[in-house]
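Asker: Protein chains in written order, with our numbering: chain A, 3 to 326; chain B, 15 to 390; chain C, 21 to 310. We put the CB at the ideal spot given by N, CA and C, even for glycine. Bear in mind the structure is a predicted one, so any value in this text is a computation, not a measurement. What follows is a structure written as C-alpha cells; I'll ask about it next.
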Amino acid sequence: MSTLTTTEPPPPLAPPPALGRRSSLGDRAFRVGALACGLTVLAILALIAVATTREAWPAVSDQGLSFFTSRRWAPSVEIYGSLAFVYGTMVTALIGLALAVPVSVGIALFLSDVAPRRLRRPVGALVDLLAAVPSVVYGFWGVTVLAPAIVPVYDLISDLTSPIPVLSTLFAGPSTGRGLFTAGIILALMITPIITSITREVFDTVPGAQKEAAYALGATRWEMIRAAIFPHSRAGMVGAVMLGLGRAMGETIAAALVIGSSPQITANLFASGDSMAAVIANQFGEAGGLHRSALIGLGVQLFLLTIVVNMAARVIVARSGKYR
Amino acid sequence: MTTHEPHPRRRFAGLASPVAALVALAMVATACGTDETDEATPDGAGQNTVTTVREDPINATLNASGATFPKAFYDMAIDAYRRVQPGVTVNYAGGGSGQGRNQLRDGVVDFAGSDGIVREEDKASYRGGEFLYVPTVAAPITISYNLPDVRDLQLDADTIARIFQRQITKWDHPTITALNAGVRLPSSDITVAHRSDGSGTTEQFTRYLDAAAPGVWTLRFGSTVEWPSGTQAGNGNQGVAQIVRSTAGAVGYVDLSDALAVGLQVARVKNKAGRLVGPTLEAASAALAGARVNADLTYNPLNADGADAYPITAPTWILVYKNQTDRNKALAVKSFLRFVLTTGQTLARDVDYAALAPSLQERALAQVESIVVPGA
Amino acid sequence: MSLQPAVLGSGISRGRRARNRAAVVLVYLAVVAAAVPLGFVMAYLIEQGGRVLTFNFLTRDIPVSARTRGPGMGPAVVGTLLITGAATAMAVPLGVLAAVYVNEYGKKNRLAAVIRFLADVMAGVPSIVMGLFIYTVWVLRFGFSGFAGALALGCLMLPIVIRSSETALLLVPNDLREASTALGARPSRTILTVVIPAALPGIVSGALLAVARAAGETAPLLFTIGVVTTTNLNLFDGTNTALSTQIFGNATQPFPGGISRAWGAALTLVLLVFVLTAIARVIARRFTVR
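See the structure below:
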C-alpha cells in the first residue's frame, strides 16, 4: 500500500458524476448483458443434454438394459449393445495412461528438479509442441507411418511372450498394426502434455523447506523426491492422471484412424477393436432411425462417463490444494 | 503494488529461440516444396463426340454424397462436366451408400449415389417425396488380396463365404489349395478386410454370397452385416483397399477401379456356369447383358448366367427426387445426369467402369427427362 | 532453486548411490521417450509436408479426385480460417463477458458457482458430441454450412475462453478496482476501462490458445460442413471444407496424391497452431502486469 505524503493540500477532486438515470441504466444493461452471457453456458449445456437425450431415448428404451450390457452391435437387425465400445474406449485409454503416466511424471520431475537450468526451457518447449499437434495429425501419422512400422515390433513381442501364460494372450500375433495397442500409443502421445503440466505444477508447490530438510538429513536426490515431493503430491498426481484419462476417453479422431474399427471384446491387445467416439464418427453419416438414435445414445454414455471422471479429478486436485 | 518492467534485453530473450525455429521451419518448408505437376487427366476427355443437346449456361451448386464404389467415375465426370457447364459446381462427398440415402432422405444433399436399394418401408420417410433410380455405370467387385508370391488366385463362392465368415483362417487351407492346383500358398493367417460404414458395395457383395453360396453363407445381406470378430474394417472402398495394400495376407472386396489404381492383386471367381472369370470390364458387360431390368430401373446383375460373365458385377444408381423445388438446381441436376449418361458413358472405361447397355441407357435418359423442373 | 546434495565420498552407501543414479537415468529416459515419437512425427511432417508446401499449394483448388497428384489445398486453408474466425468471433466476446459476470458480479454467489461448474462440464464434452448436437439442432434444418461448423467449434471454445479469462481477471489486483470505484466510476465503467485492459494479456493469450485448439479440431466439423473442392467464401450458404477434415478424409485413402496433399495440409495446420500458441505465450509472458 503506497502512502502519499504531500506538503500541499490535494487538488480538489472532480465532483462525482451525476447519478442520473442514464448512467445507471447503461451500467445495469452491462450487468444484465454479462449475466446473459453467463447464462448462455447453462443454456447451451442444457440444450445439449436435452437434445441428445431426446434423440437417444428411442434406441435406449427399445433396447432396454441390453443397450448397456450387450456386446452385440448389429444395425442390420436393429440390435444395439454398447459394451464392446465401452471396452474399447476403456482399454485404449488405460493403455494410453499406462504409457503416458511414467513418462509424464518423469518429465515433470525433470522440469521441476532434475534438469540443469539450461535444459529446462527446451524440454518445456518440447511438451508445448506435443500439445500443439492436432489430434488428426497424430492419427494420420499413426495410420500412415506408425501402424505399418510397428508390425515387426508386435510380431517380435508376441514371439517373445508366447511361452509365458498370461502375456501370450495379451500380446498374441499376428497383427496388422491397427488395433487397441496402437490406439493406446497415439493416445499416450496426446495426453502426456496435460498430465505433465498439471503434475509439474503440483511438484512446484512442494515447499522448498521440505526439500532442503531432506537434503540436510543427507538424502540423495532420489530419496528427497521420494520423501518430500511424492507424499505431498499424491492427490495432485491422481487428479492429473484422471484428467488425462478423461481426455483419452473422449478422443475421437486419432483413435478412429488406428483402432481397426472392429468392435469386439478381446484380451489380445494387438487385435483391432472399436471405441464409442470412433464408431460414432464412422457410422453416423449413414445412420437413420434407430441406428442414429443408438449412436447418439453412445455419445450420451461417453459424455456421462467423461463427466464423472473429470469431476472426480477436479475434486481430488482441488482437495490437494488445501494440503498447503 | 509494484510493476516490474523486465530488462529490455531479457524481454526478448525468451522470444529468440522459438521465433527463430519457426522462421527456419517455414523457410525450409517452402523452399523444399515443389509443385507435383504430373496431374493425371483421364485419357480421351474432350476427344469424344459429344451427343448432348446444346444447353443454356446454368449457375448452380449441387451437393451430393453416397457410394464410394462409383466415386472415381463421378469424380472424373464432374471434372469433365465442368468444361461443359462451368457455372455448375458439383460436390460429391462419398461416405458410403448408406450416408447418401440418409442425407437425401433428410434433404441435406441434392442427389445421392447408392449401390443398394431403398427398402419399401423406408421410402415414406424421404422428405422430398418420390425419388427416381438413375442407373449410371456398373463394375466388378474384385476379391483383392495381398500375397506377393501368388500371381493368380482362384476362388469360388463357397470358399469366399467361408473366408469372410472366418471358417477358413489360413491361406493354405485344403479348400483353397484344391482350387489353386500347382500354386504354393503360404501358411499365414488370412486378414479379412470389410467396410466399417454403411455400404452398397457390402450389400451387393453379400447379396451375391447369399445367392451363390446359400448353404454356406449365414450372415444374410445388407449395407451393414455382422462380420465375425478378428476382422479389420475400413472406411469406403478406398479404406478397404488401403488395408489390403498395407497388410500381407489380407483379402477384401474392392471395386475394380480402386483395386487397379492401388495396384492390388485380384482373384478369379468361378461363375454360375462353372468357369473361372477375372474381374474385367468385358466380363462385367457380359453380366449386364442378361440382367432383367425392373420398371423403376433397378436390376440385379449378380451371379449372372452366361459363360463369360463375372459373377460379382455390381450396379449403382443415382437417387434424385422427381419433384424438384429449386429451378436452377433442377436444371443443373438434369444437365449433369444427361452428361453422365451420354459423354460420361464413353469415358467410363478410362477409369475402369462398364458403361450401361444401350437399351438401359435410353431408359435412364428417359427417366432423367421425367424430373419435374419448377417454374418452367 | 536447485539444491545439489553434498555427496561426500564415503558418506553414501553404494546401493543408495546406484538407486539415485538409476532414478536420474529413468527421468532422462522419460524425456527421451517423449522426444523420440515427437521427433518422428515432426520429421515426417516436415519432410513429407515440406515437399509439397508451396504458394500454389496454399491457393489452388483441391483436385476433384483423390488420385490426382499435385496441389492444392486452397479451399481448405480458407475454410479453416473462415470457420475458426467465425467461431472465435462468437465464442470470445461471449466467454469474456461470462467470465466478467462470474468474477466481477457474481463472485461467490450460487449462480456464479454453477456457471463455473458447468463451464468445466462443458469443457469435458467430447468434441464428437458437439458435432452431433449441432447436426441435430441446426444442420437438419438449414443444411451444411461453414456457419454450422463455426457453431460447433464455438461451443468447444467457449469453456476454454471462460476459464482462461476468469483466471486472468482473478489476477488483476483488487486495488485497481477499489481505486476506480473511489474515483466514482460505476462497476461497468471500472470493468471496461480498468479491469479488462489490465487482464487483457491473459485474456488474449487464453483466446489464442482456444483458437489454436479449435483450428485443429476435426470431429465437430465432420457432420456440419460437408465437403467442397473449390473455395467457398460464403459462410452461411453451401458446404465448406477445412484442413482438418481434408486430412481425415485423405488418411483413409490409399492414393499417393491424396496422401501427399494431406501431409501438406498437416504441416500447414501444425504451423498455424504453433504460431498461434507461440504468440499466445509471448503475449502472456511479455505483457502481464505482475
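Going by C-alpha distance, which of A/Cys-39, A/Phe-112, A/Phe-87 and A/Ser-78 is nearest B/Phe-235?
Answerer: A/Ser-78
Asker: What first and last residue would you give for the beta strand (DSSP E) that runs through A/Pro-136?
Answerer: Segment: none, A/Pro-136 is in no beta strand (DSSP E) and carries neither H nor E.
Asker: Less than 9 Å between the C-beta atoms of B/Gly-110 and B/Gly-266, yes or no?
Answerer: no
Asker: Look up B/Trp-185 in the DSSP assignment and say whether it is helix, strand or coil.
Answerer: coil
Asker: Run through DSSP, which three-state label would A/Ser-274 get?
Answerer: Looking at A/Ser-274 - three-state DSSP - the assignment turns out to be coil, as it is neither helix nor strand.
Asker: So, at 7 Å on beta carbons, what are the nonlocal neighbours of B/Gly-248 in its own chain, with the 5 sequence-adjacent residues on each side left out?
Answerer: Ala-207, Arg-209, Ser-210, Val-254, Gln-256 and Ile-257
Asker: Determine, using beta carbons only, whether B/Ser-158 and B/Val-268 come nearer to each other than 9 Å.
Answerer: yes
Asker: Is B/Ser-299 helix, strand or coil when you go by DSSP?
Answerer: Helix.
Asker: When the Cα atoms are used, what is the spatial distance from C/Val-247 to B/Tyr-106?
Answerer: C/Val-247 and B/Tyr-106 have their C-alpha atoms roughly 8 Å apart.
Asker: Can you find a C-beta in chain C that's less than 9 Å from the C-beta of B/Tyr-262?
Answerer: In the sequence as presented, Tyr is not what sits at residue 262 of chain B; that position holds Ala. Taking 9 Å as the threshold, the shortest C-beta distance from B/Ala-262 to chain C does not fall below it.
Asker: Step through the CB atoms of chain C and report whether any lies within less than 9 Å of the CB of B/Arg-92.
Answerer: Residue identity check: residue 92 of chain B is Ile in the sequence provided, not Arg. Yes, contact with chain C.
Asker: If you draw a straight line from the C-alpha of B/Gln-359 to the C-alpha of B/Gly-250, how long is it?
Answerer: Distance between the alpha carbons of B/Gln-359 and B/Gly-250 is about 24 Å.
Asker: Using a C-beta cutoff of 9 Å, does B/Thr-183 count as contacting chain A?
Answerer: no
Asker: For C/Asn-270, which residues of its own chain have a beta-carbon under 7 Å away from its beta-carbon, when the five flanking residues on both sides are left out?
Answerer: Counting only residues of its own chain and dropping the five nearest sequence neighbours on each side, C/Asn-270 has a CB closer than 7 Å to the CB of Ala-86, Gly-278, Ile-279, Arg-281 and Ala-282.
Asker: By the DSSP assignment, the alpha helix (DSSP H) with A/Trp-224 in it spans what residues?
Answerer: 223-226
Asker: Going along the chain, which residues of the stretch 194-228 of chain B sit with their C-beta nearer than 7 Å to a C-beta in chain A?
Answerer: Asp-203, Thr-205, Ser-210, Asp-211 and Gly-212
Asker: Could you tell me if A/Asp-115 is buried or exposed, where buried requires 16 or more neighbouring beta carbons within 10 angstroms of its beta carbon?
Answerer: A residue is called buried when at least 16 other Cβ atoms come within 10 angstroms of its Cβ; A/Asp-115 meets this threshold and is buried.
Asker: Is the shortest distance between the beta-carbon of C/Arg-87 and the beta-carbons of chain B less than 9 Å?
Answerer: yes
Asker: Taking a cut of 8 Å between CB atoms, which residues from the stretch 264-280 of chain B lie near chain C?
Answerer: Listed by position, the residues of the stretch 264-280 of chain B near chain C (Cβ gap below 8 Å) are Asp-272, Ala-275 and Val-276.
Asker: Whose CA, out of A/Gly-248, A/Ser-177, A/Phe-112 and A/Thr-146, lies closest to the CA of C/Val-61?
Answerer: A/Thr-146
Asker: Please work out which residues of its chain come closer than 6 Å, Cβ to Cβ, to B/Thr-312, disregarding the five sequence neighbours upstream and downstream, and give them in chain order.
Answerer: Closer than 6 Å at Cβ, skipping near neighbours: Ile-131 and Tyr-147.
Asker: I'd like the list of long-range same chain contacts for A/Ser-160, defined as Cβ closer than 8 Å, with 5 residues on each side in sequence excluded.
Answerer: If we look at A/Ser-160 and ignore the five residues flanking it on each side, its Cβ neighbours are Ser-170, Phe-173, Ala-174, Gly-175, Pro-176, Ser-177 and Phe-272.
Asker: In chain order, what residues of the same chain lie with their CB nearer than 6 Å to the CB of A/Ile-298, ignoring the 5 residues before and after it?
Answerer: Thr-54, Glu-57 and Ala-58
Asker: 9 Å is my cut-off, CB to CB: does A/Asn-312 come that close to chain C?
Answerer: A Cβ of chain C is located within less than 9 Å of the beta carbon of A/Asn-312.
Asker: Rounding to the nearest angstrom, what Cα-Cα distance links A/Leu-245 and A/Ile-197 in this structure?
Answerer: 7 Å
Asker: Can you have a look at B/Val-122 and say buried or exposed, based on whether 16 or more other CB atoms are within 10 angstroms of its CB?
Answerer: buried
Asker: Using 10 angstroms around the beta-carbon of A/Val-34, count the other beta-carbons present and answer buried if the total reaches 16, otherwise exposed.
Answerer: Per the 10 Å Cβ criterion, exposed.
Asker: Is C/Leu-174 buried or exposed, if buried means 16 or more other CB atoms sit within 10 Å of its CB?
Answerer: The residue asked about is misnamed: residue 174 of chain C is Gly in this sequence, not Leu. C/Gly-174 is buried by the Cβ-count criterion.
Asker: Take C/Gln-266 as the anchor and find which of A/Ser-164, A/Ala-289, A/Val-139 and A/Ile-231 has the nearest alpha-carbon.
Answerer: A/Val-139
Asker: Based on the DSSP output, what are the partners of B/Ile-332 in its beta bridges?
Answerer: B/Gly-127 and B/Val-148
Asker: When the Cα atoms are used, what is the spatial distance from A/Thr-308 to C/Thr-187?
Answerer: Whole-angstrom Cα-Cα distance: 24 Å.
Asker: Does any C-beta atom of chain B lie closer than 9 Å to the C-beta of C/Leu-102?
Answerer: For C/Leu-102, the answer is no, since every Cβ of chain B falls outside 9 Å of its Cβ.
Asker: Please report whether the beta-carbon of C/Gly-115 lies at a distance below 9 Å from any beta-carbon of chain A.
Answerer: yes
Asker: At which residues does the beta strand (DSSP E) containing B/Lys-284 begin and terminate?
Answerer: 282-284
Asker: Are there three or more Cβ pairs, one per stretch, closer than 8 Å when the stretch 301-318 of chain B is compared with the stretch 361-371 of chain B?
Answerer: Contact annotation: the stretch 301-318 of chain B touches the stretch 361-371 of chain B, with at least three C-beta pairs closer than 8 Å.
Asker: Determine the burial state of B/Arg-115: buried for a count of at least 16 other Cβ atoms within 10 Å of its Cβ, exposed for fewer.
Answerer: buried
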